[in-house]
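Q: The structure that follows is given in the form of structure tokens.
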Amino acid sequence: QLHNKLKDEL
Amino acid sequence: MNIFRLIGDLSHLAAIIILLLKIWKSRSCAGISGKSQILFAIVFTTRYLDLLTSFISLYNTCMKVIYIGCAYATVYLIYMKFRATYDGNHDSFRVEFLVVPVGGLAVLINHDFSFLEILWTFSIYLESVAILPQLFMISKTGEAETITTHYLFCLGLYRALYLFNWIWRFYFEGFFDMIAIVAGVVQTVLYCDFFYLYVTKDGKGYRFSI
Numbered sequence: 005q006l007h008n009k010l011k012d013e014l
Numbered sequence: 072m073n074i075f076r077l078i079g080d081l082s083h084l085a086a087i088i089i090l091l092l093k094i095w096k097s098r099s100c101a102g103i104s105g106k107s108q109i110l111f112a113i114v115f116t117t118r119y120l121d122l123l124t125s126f127i128s129l130y131n132t133c134m135k136v137i138y139i140g141c142a143y144a145t146v147y148l149i150y151m152k153f154r155a156t157y158d159g160n161h162d163s164f165r166v167e168f169l170v171v172p173v174g175g176l177a178v179l180i181n182h183d184f185s186f187l188e189i190l191w192t193f194s195i196y197l198e199s200v201a202i203l204p205q206l207f208m209i210s211k212t213g214e215a216e217t218i219t220t221h222y223l224f225c226l227g228l229y230r231a232l233y234l235f236n237w238i239w240r241f242y243f244e245g246f247f248d249m250i251a252i253v254a255g256v257v258q259t260v261l262y263c264d265f266f267y268l269y270v271t272k273d274g275k276g277y278r279f280s281i
């Protein structure tokens, strides 16, 4: 999903 | 990576280091809420379990290890090494009123009903309210050491910068995460009152009435 891209954030 | 997220991460790192050094050098945790530090340790533990499952970048891995290490070191200093200086009477916020609702919300509102995703969601929600025991303690004692206010300023600034990071990423990369954004707004709003006091009363000591 789109939000999984946010998993590169701390 | 963009400038907002980089400065945000550095501000977060600065806050964590400032607090750890303040307690270590002054050999005292007076005025520091141990409960907030425990909540932050829980936030990092539940959010960074992916350290074991996926490698994103050296920067990502190093920062996560540093955050977790410093969080537990700070909790250790407060509750073990310098526990004689821990002001338990003023650190009286009922954290169960935070953890239970946040836990329930993470199970109800998340992007994906999987173990790691619910833990990540729990960590995002918990982080947004984790500073409350600290702000509550300052309002009870009515004062805060200057170094503590710098710690809080950096901590509040980090998530405010992340809001700009999410605007940047929506505009340039076309995606966003509503859960992270809403929690980030709540987290930043909680600091607004403190930001105002910090900016208007900078310099000669603080009398807070948050």
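As they're listed, the protein sequences go chains P and D.
Read the first sequence against my numbering and you will find it ends at 14, with the numbers running on by one and no gaps.
Read the second sequence against my numbering and you will find it ends at 281, with the numbers running on by one and no gaps.
From the three backbone atoms N, C-alpha and C, an ideal C-beta is built for every residue, glycine too.
#1: Among Tyr233(D), Asn73(D), Gly79(D), whose alpha-carbon lies nearest the alpha-carbon of valine 253(D)?
#2: Anything in chain P within Cβ reach of alanine 251(D), meaning under 7 Å, just list it in chain order.
#3: Against isoleucine 127(D), what residues of chain P qualify as contacts under a CB-to-CB distance less than 8 Å, listed in chain order?
#4: If you drop the 5 nearest sequence neighbours on each side, which residues of the same chain put their C-beta closer than 7 Å to that of tryptophan 239(D)?
#5: Measure from the C-beta of aspartate 264(D) to each C-beta in chain P and report whether the shortest distance is under 7 Å.
#6: Evaluate the contact criterion for the region 254 to 261 of chain D versus the region 186 to 198 of chain D: three or more CB pairs, one atom per stretch, below 8 Å.
#7: Whole angstroms is fine: what's the gap from isoleucine 137(D)'s alpha carbon to isoleucine 127(D)'s?
#8: So, using beta-carbon positions, are histidine 161(D) and threonine 217(D) closer together than 7 Å?
#9: For phenylalanine 115(D), which residues in the same chain have their Cβ closer than 8 Å to its Cβ, ignoring the five residues on either side in sequence?
#10: Using a 10 Å radius around the Cβ and a threshold of 16 neighbouring Cβ atoms, would you call leucine 129(D) buried or exposed?
A: Let me lay it out:
#1: Residue numbering aside, residue 253(D) sits at position 182 when the second sequence is read from its first letter. Measuring from the Cα of valine 253(D), the nearest candidate turns out to be Tyr233(D).
#2: Translated into positions along the second sequence, residue 251(D) becomes position 180. Residues of chain P passing the Cβ test: Leu10.
#3: To locate residue 127(D), count along the second sequence from 1; it is residue 56. Near isoleucine 127(D) (Cβ distances below 8 Å), the residues of chain P are Lys11, Asp12.
#4: Counting from 1 along the second sequence, the entry for residue 239(D) is found at position 168. If we look at tryptophan 239(D) and ignore the five residues flanking it on each side, its Cβ neighbours are Asn73, Phe75.
#5: Looking up residue 264(D) in the second sequence gives position 193. Not one chain P Cβ lies under 7 Å of aspartate 264(D).
#6: yes
#7: The residue given as residue 137(D) occupies position 66 in the second sequence. The residue given as residue 127(D) occupies position 56 in the second sequence. Rounded to the nearest angstrom, the two C-alpha atoms are 16 Å apart.
#8: As a working note, residue 161(D) is residue 90 in the second sequence. As a working note, residue 217(D) is residue 146 in the second sequence. Not closer than 7 Å, so no.
#9: If you number the second sequence from 1, residue 115(D) lands on position 44. For phenylalanine 115(D), where only same-chain residues beyond five positions count, the Cβ hits under 8 Å are Lys135, Tyr138, Ile139, Ala142, Ser194.
#10: In the second sequence, the residue the question calls residue 129(D) occupies position 58. Classification for leucine 129(D): exposed.
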